[in-house]
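In this note's numbering, the protein residues as written are 9 to 630.
Here a beta-carbon is modelled for each residue, glycine too, at the ideal position from N, C-alpha and C.
Taking it in order: structure first as structure tokens, then the write-up.
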Amino acid sequence: MKYKITRRDFLNGVAVTAGASLLAPDELFAQSVPATAATYYPPTRTGMRGNHPGSFDVMHGLAWAGQKPDQHHELDEHYDLVVVGAGVSGLAAARFYQKRMGPQAKILLLDNHDDFGGHAKRNEFEYAGYMRLGIGGSVNLDGPSDYSMISKNLLDDIGVDLDAMRADMGEFDFLGADADSMFALPGPDGHVKVRGSWIRLMLGIGDYPSAIRALPLPVSEQDLVIELISGDRDYLEELSLGEKSAYIESTSYAEFLSQRVGLSTETISIFYPFPKLMFGPAATRISILEAFYLGSPGIRSMTWLGDLLAQLLDSAVSGLESLYFPDGNASVARLLVQKLIPAVAPDSQGFEDIALSRFDYGALDLEQQSVRLRLNSTVVGVRETSGKGVDVDYVRDGKALRVTGDHCVLACYNAAIPYICPQLPQIQKEALDYGVKVPLVWVNVLIADGQAFSKLGVGRVNCPDDPFVVVTVPPATKTGGNRPPAGPEEPMVIFMMGVPSVDPVDGEKSREILRRSRHQVYGTPFETYEQQVRDQLQGLLGEYGFRHERDIQAITVNRWAHGYAYEYMQLDDPQWEAGQAPHEIGRAQFGRISIANSDSEAHAYLDSAIDAAWRAVAEQVA
Numbered sequence: 009m010k011y012k013i014t015r016r017d018f019l020n021g022v023a024v025t026a027g028a029s030l031l032a033p034d035e036l037f038a039q040s041v042p043a044t045a046a047t048y049y050p051p052t053r054t055g056m057r058g059n060h061p062g063s064f065d066v067m068h069g070l071a072w073a074g075q076k077p078d079q080h081h082e083l084d085e086h087y088d089l090v091v092v093g094a095g096v097s098g099l100a101a102a103r104f105y106q107k108r109m110g111p112q113a114k115i116l117l118l119d120n121h122d123d124f125g126g127h128a129k130r131n132e133f134e135y136a137g138y139m140r141l142g143i144g145g146s147v148n149l150d151g152p153s154d155y156s157m158i159s160k161n162l163l164d165d166i167g168v169d170l171d172a173m174r175a176d177m178g179e180f181d182f183l184g185a186d187a188d189s190m191f192a193l194p195g196p197d198g199h200v201k202v203r204g205s206w207i208r209l210m211l212g213i214g215d216y217p218s219a220i221r222a223l224p225l226p227v228s229e230q231d232l233v234i235e236l237i238s239g240d241r242d243y244l245e246e247l248s249l250g251e252k253s254a255y256i257e258s259t260s261y262a263e264f265l266s267q268r269v270g271l272s273t274e275t276i277s278i279f280y281p282f283p284k285l286m287f288g289p290a291a292t293r294i295s296i297l298e299a300f301y302l303g304s305p306g307i308r309s310m311t312w313l314g315d316l317l318a319q320l321l322d323s324a325v326s327g328l329e330s331l332y333f334p335d336g337n338a339s340v341a342r343l344l345v346q347k348l349i350p351a352v353a354p355d356s357q358g359f360e361d362i363a364l365s366r367f368d369y370g371a372l373d374l375e376q377q378s379v380r381l382r383l384n385s386t387v388v389g390v391r392e393t394s395g396k397g398v399d400v401d402y403v404r405d406g407k408a409l410r411v412t413g414d415h416c417v418l419a420c421y422n423a424a425i426p427y428i429c430p431q432l433p434q435i436q437k438e439a440l441d442y443g444v445k446v447p448l449v450w451v452n453v454l455i456a457d458g459q460a461f462s463k464l465g466v467g468r469v470n471c472p473d474d475p476f477v478v479v480t481v482p483p484a485t486k487t488g489g490n491r492p493p494a495g496p497e498e499p500m501v502i503f504m505m506g507v508p509s510v511d512p513v514d515g516e517k518s519r520e521i522l523r524r525s526r527h528q529v530y531g532t533p534f535e536t537y538e539q540q541v542r543d544q545l546q547g548l549l550g551e552y553g554f555r556h557e558r559d560i561q562a563i564t565v566n567r568w569a570h571g572y573a574y575e576y577m578q579l580d581d582p583q584w585e586a587g588q589a590p591h592e593i594g595r596a597q598f599g600r601i602s603i604a605n606s607d608s609e610a611h612a613y614l615d616s617a618i619d620a621a622w623r624a625v626a627e628q629v630a
């Protein structure tokens with residue numbers, strides 16, 4: 009493949025993330041607090057977060073109906089650089105520009121959300137004297153040893169100590185986990201739960217026959233799954249080696265399991281929790297080769313080709329490393345903000361106590377600062393002016409406003425840019441619109457104590473037939489001063505990873521599936537998600553004394569209708585020549601305007617966002 013198959017650390021474990029926040033009982037699932045309130049602190053908000061109400065309304069009006077203010081009030085504000093989007097890319101661009109041009113460089117960041125960080129959001133709450141943190145979006149530092157020097161140097165600049173993070177990773181000892189994970193499938197009397205090192209079992213390592221026999225599947229289906237994992241049968245025996253190679257790159261894994269292995273649609277679902285977390289609703293469109301890279305079974309049945317693929321897979325996953333902050337990559341965003349605007353946390357020591365530091369959001373946008381960060385501000389227009397500058401129009405609190413700058417970096421979604429900059433060449437606008445971000449729903453549930461969950465004996469549960477395909481626990485890290493739960497008597501967070509599901513349509517490509525799924529995410533109310541959470545947790549934990557109406561203290565739904573950046577898929581995307589892929593055409597510099605986001609790299613990872621920021625700033629200061 010021209011573009012390498014990337015990873016989201018499924019083979020290295022997905023015991024990632026969690027989070028929610030606790031308000032007073034009568035405010036438990038309340039929406040926003042007024043931005044002018046002295047208590048303004050978005051990380052503690054519960055209810056619908058992520059693409060929350062108010063963050064997308066103005067842009068949807070522009071994109072769907074062409075609604076845009078006729079006039080904008082021009083503020084007496086001129087900046088050296090205006091950055092659209094305060095996610096990791098936007099914050100990194102501001103820091104790169106500041107380091108290049110000096111501490112007096114005037115920089116304004118505008119973001120449509122009520123909190124900074126983009127997808128790197130923090131869920132924080134206090135309960136019974138404990139602070140519990142969780143990850144509301146972007147999860148981890150994936151393979152930081154492989155980062156570019158640009159990304160490594162930025163992490164070093166903001167004080168991230170990778171060795172300390174490695175040393176601070178621990179386990180939830182009170183879980184007493186005797187297996188890596190668990191499968192939970194619907195049975196006649198509720199969920200049937202089967203413990204096992206499922207990542208290894210699916211690769212044919214360990215006593216997989218006994219584990220498969222324990223699943224609530226018909227015996228005939230169990231036989232087929234065991235045969236698939238064993239590698240005893242060559243499903244492509246009539247094909248030559250070259251034909252086999254072509255087949256696994258041009259055929260979906262779902263078609264292989266159905267037509268070659270003979271599995272039913274219901275059984276095939278057990279192989280898709282991990283692919284769904286990577287490719288979202290488009291997981292059914294992954295090729296056989298892509299599935300093998302995710303550790304899906306069947307690789308051993310490819311004879312010589314299987315041996316070669318197994319070696320490549322072993323090489324690809326050996327040495328994989330994931331490092332976690334307790335609030336995910338929100339800590340990276342917070343460290344960047346603290347570096348840019350020290351007044352937000354003047355007493356913080358940075359990396360050593362970033363998990364515990366309470367940020368003063370009132371200090372983000374002060375006139376006397378060289379760097380200002382303005383939330384709840386949706387940019388609707390960016391254009392070059394004849395005076396060798398840039399006008400930036402935005403809407404905030406119903407007011408149409410304008411600032412000017414010498415340069416602008418667009419660190420927002422690619423799909424929004426053609427509407428913000430309609431003067432771009434048509435070929436560039438079409439390229440920007442090509443990729444469709446993967447919709448995801450990360451739900452974090454605060455429970456009064458961990459007594460019931462500890463009786464599962466695992467930190468992760470795969471639930472392929474439930475609304476949330478993986479239920480797990482937050483990373484047990486002490487990084488940044490965090491204190492994970494020390495025992496089951498303490499409150500804990502359960503993290504539930506959901507992927508919208510749509511009925512497949514014949515001939516539908518991955519990008520079409522993702523677009524339809526996005527609308528489903530936007531159209532699902534909080535109450536529906538809440539009921540799904542309660543029902544699923546009650547089904548998993550009820551036999552251990554869990555009572556959702558008593559034990560659930562808060563629910564935070566991190567809805568990302570525009571989630572992961574689109575990564576090209578074998579079955580649906582051409583193999584473009586170098587420089588001709590949509591993300592490469594779309595990110596072209598347009599005078600004093602440059603583009604920085606993970607979309608522009610077609611790679612949904614932290615280092616991609618940082619590298620894109622470096623490129624955009626380099627274009628503007630050249």
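#### Entry: Opening and closing residue of the beta strand (DSSP E) in which Phe476 lies
One-based indexing of the sequence shown puts residue 476 at position 468. Here the beta strand (DSSP E) through Phe476 covers Phe476 to Thr480.
Practice item. Mark Trp622 as exposed unless 16 or more other C-beta atoms lie within 10 angstroms of its C-beta, in which case mark it buried. Key: On the sequence shown, residue 622 is found 614 positions in, with the first residue counted as 1. Buried, because 16 or more other Cβ atoms sit within 10 Å of the Cβ of Trp622.
Taking DSSP's pairing of strands, which residues face Asn470 in a bridge? What you label residue 470 is simply residue 462 of the sequence shown in a count that begins at 1. Paired residues: Phe191 and Val478.
Any idea if Gln578 is buried or exposed, counting beta-carbon neighbours within 10 angstroms, 16 or more meaning buried? Here the question's residue 578 lines up with position 570 in the sequence shown. Taking all protein chains in view, the Cβ of Gln578 is crowded by 16 or more other Cβ atoms within 10 Å, so the residue is classified as buried.
- According to the neighbour-count rule (16 or more other Cβ atoms, all chains shown, within 10 Å of its Cβ), is Trp206 buried or exposed? Reading the sequence shown from its first residue, position 198 is the one you call residue 206. Buried, since its Cβ has 16 or more Cβ neighbours within 10 Å.
- Item | Cβ-Cβ distance between Asp473 and Leu193 below 8 Å | The residue labelled residue 473 in the question sits at position 465 within the sequence shown. The residue labelled residue 193 in the question sits at position 185 within the sequence shown. Cβ atoms of Asp473 and Leu193: closer than 8 Å.
- prompt: Thinking C-beta only, is His415 closer than 8 Å to Leu89?
  reply: For the purposes of this step, residue 89 is taken as residue 81 along the sequence shown, with counting starting at 1. For the purposes of this step, residue 415 is taken as residue 407 along the sequence shown, with counting starting at 1. In contact: Leu89 and His415 (Cβ atoms closer than 8 Å).
**Contacts around Lys486, its chain only, beta-carbon distance under 6 Å, and the 5 residues preceding and following it disregarded** = Position 478 of the sequence shown, counted from the first residue, corresponds to residue 486. Around Lys486: Asp176.
Practice problem: Take the Cβ of His121 as the centre, count every other Cβ of all protein chains shown within 10 Å, and call the residue buried at 16 or more, exposed below. | Solution: Mapped onto the sequence shown, residue 121 falls at position 113. Classification for His121: buried.
Exercise for the section: Would you decide whether Ala573 is buried or exposed? Buried here means 16 or more other CB atoms lie within 10 Å of its CB. Expected result: Working through the sequence shown from its first residue, we reach residue 573 at position 565. Result: buried.
From Asn148 to Gly93, what does the alpha carbon distance come to, in whole angstroms?
Position 140 of the sequence shown holds residue 148. Position 85 of the sequence shown holds residue 93. Cα to Cα, the separation comes out at about 20 Å.
Handout entry: Residue nearest to Gly550 in terms of C-alpha spacing, selected from Gly198, Ile428 and Leu418
Key = Residue numbering aside, residue 550 sits at position 542 when the sequence shown is read from its first letter. For the residues Gly198, Ile428 and Leu418, the minimum Cα distance to Gly550 belongs to Gly198.
**Prompt:** Any idea what DSSP makes of Arg491, helix, strand or coil?
**Reply:** Translated into the one-based positions of the sequence shown, residue 491 becomes position 483. If DSSP states are grouped into helix, strand and coil, Arg491 belongs with coil.
Where are the alpha helix (DSSP H) runs, 4 residues long or more, that stay fully inside the stretch 201–263, in chain order? 206–210, 216–221, 227–238 and 249–258
_Quick check on Ala604: buried or exposed, where buried means 16 or more other Cβ atoms within 10 Å of its Cβ?_
As a working note, residue 604 is residue 596 in the sequence shown. Flag for Ala604 reads buried.
Problem - Terminal residues of the alpha helix (DSSP H) in which His68 lies - result: In the sequence shown, the residue the question calls residue 68 occupies position 60. Its alpha helix (DSSP H) spans residues Asp65 to Ala73.
Quiz prompt | Which of helix, strand or coil DSSP assigns to Met109 | solution = For the purposes of this step, residue 109 is taken as the residue at position 101 of the sequence shown. It is helical.
Within a Cβ cutoff of 6 Å, which residues of the same chain sit near Ala32, ignoring the five residues on either side of it in sequence?
As a position in the sequence shown, residue 32 is number 24, starting the count at 1. Residue placement at Ala32 is flagged as unreliable, the pLDDT there being 30, under the threshold of 50; the coordinate-derived value follows with that caveat. Contacts found: none.
*Which same chain residues, not among the five before or five after Gly270, have their C-beta less than 7 Å away from its C-beta?*
Residue numbering aside, residue 270 sits at position 262 when the sequence shown is read from its first letter. Counting only Cβ-Cβ distances below 7 Å, and skipping sequence neighbours, we find Leu232.
Where Asp84 sits in the DSSP three-state scheme: Within the sequence shown, numbered from 1, the residue matching residue 84 stands at position 76. DSSP places Asp84 in strand when its eight states are reduced to three.
query = Are three or more beta carbon pairs between the stretch 244–261 and the stretch 199–218 nearer than 8 Å?
reply = no
Which of helix, strand or coil does DSSP assign to Thr393?
-> Position 385 of the sequence shown holds residue 393. DSSP places Thr393 in strand when its eight states are reduced to three.
**Asked** Going by the CB atoms, is the gap between Val451 and Tyr105 shorter than 8 Å?
**Response** For the purposes of this step, residue 105 is taken as the residue at position 97 of the sequence shown. For the purposes of this step, residue 451 is taken as the residue at position 443 of the sequence shown. Contact flag unset, no.
Using C-beta distances below 7 Å, list every residue in its chain close to Gln79, excluding the 5 sequence neighbours before and after it, in chain order.
Within the sequence shown, the letter at position 71 stands for residue 79. Closer than 7 Å at Cβ, skipping near neighbours: Ala408.
Straight-line gap, Pro111 to Leu162 (C-alpha atoms, nearest Å): By 1-based counting over the sequence shown, the position of residue 111 is 103. By 1-based counting over the sequence shown, the position of residue 162 is 154. C-alpha of Pro111 to C-alpha of Leu162: approximately 16 Å in a straight line.
Original post:
Looking only at its own chain, which residues have a Cβ that is under 7 Å from the Cβ of Ser518, when we skip the five neighbours before and after it?
Top reply: As a first step, residue 518 is located in the sequence shown; it is residue number 510 there, counting from the start. Around Ser518: Ala290, Arg293, Met577 and Asp580.
**Asked** Hey, Ile618 and Ala113 are a contact pair by Cβ (cut 8 Å); roughly how many whole angstroms apart?
**Response** Taking the first residue of the sequence shown as position 1, residue 618 is located at position 610. Taking the first residue of the sequence shown as position 1, residue 113 is located at position 105. The pair is not a contact, with the Cβ atoms about 19 Å apart (cut-off 8 Å).
Q | Closest residue to Asn59 among Pro426, Gly98, Glu132 and Pro533 (Cα-Cα distance) | A | Stepping through the sequence shown from its first residue, residue 59 is reached at position 51. The alpha carbon of Asn59 has as its nearest neighbour, out of Pro426, Gly98, Glu132 and Pro533, the alpha carbon of Pro533.
### Message
Checking the sheet assignment: what are the DSSP bridge partners for His527?
### Response
For the purposes of this step, residue 527 is taken as the residue at position 519 of the sequence shown. DSSP, once it has assigned bridges, lists no residue as partnering His527.
Q | Sequence-distant residues of its chain with Cβ nearer than 8 Å to Val398 (five each side left out) | A | Taking the sequence shown and counting its residues from 1, one reaches residue 398 at position 390. The residues are Val90, Val390, Arg391, Glu392, Thr412, Gly413, Asp414, His415, Cys416, Arg600 and Ile601.
- Message: Tell me which residues share the same chain as Gly212 and place their Cβ nearer than 8 Å to its Cβ, disregarding the 5 neighbours each side in the sequence.
- Response: Position 204 of the sequence shown, counting from 1, holds the residue named residue 212. These residues qualify, in order along the chain: Ile237, Ser238, Gly239, Pro305 and Arg308.
**Prompt:** Which value, in whole angstroms, describes the spacing of the CA atoms of Leu344 and Val477?
**Reply:** Indexing the sequence shown from 1 puts residue 344 at position 336. Indexing the sequence shown from 1 puts residue 477 at position 469. Their backbone Cα atoms lie some 33 Å apart in a straight line.
task: Sort Gly467, Pro499, Val513 and Arg524 by Cα distance to Ala136 and report the nearest one.
output: By 1-based counting over the sequence shown, the position of residue 136 is 128. Here the closest residue by C-alpha is Pro499.
- Environment of Met310 [buried if 16+ CB atoms lie within 10 Å]: Here residue 310 refers to the residue found at position 302 of the sequence shown. Met310 is classed as buried because its beta carbon has at least 16 other beta carbons within 10 Å across all chains shown.
Fill in: For Val449 and Gly506, believed in contact at Cβ under 8 Å, the rounded distance
Your numbering for residue 506 matches position 498 in the sequence shown. Your numbering for residue 449 matches position 441 in the sequence shown. Right, the Cβ-Cβ distance comes to about 4 Å (below 8 Å), so this counts as a contact.
> Excluding five sequence neighbours on each side, which residues of the same chain lie with their C-beta closer than 7 Å to the C-beta of Tyr530?
Replying inline: Along the sequence shown, read from residue 1 onward, the residue named residue 530 stands at position 522. Closer than 7 Å at Cβ, skipping near neighbours: Ala569.
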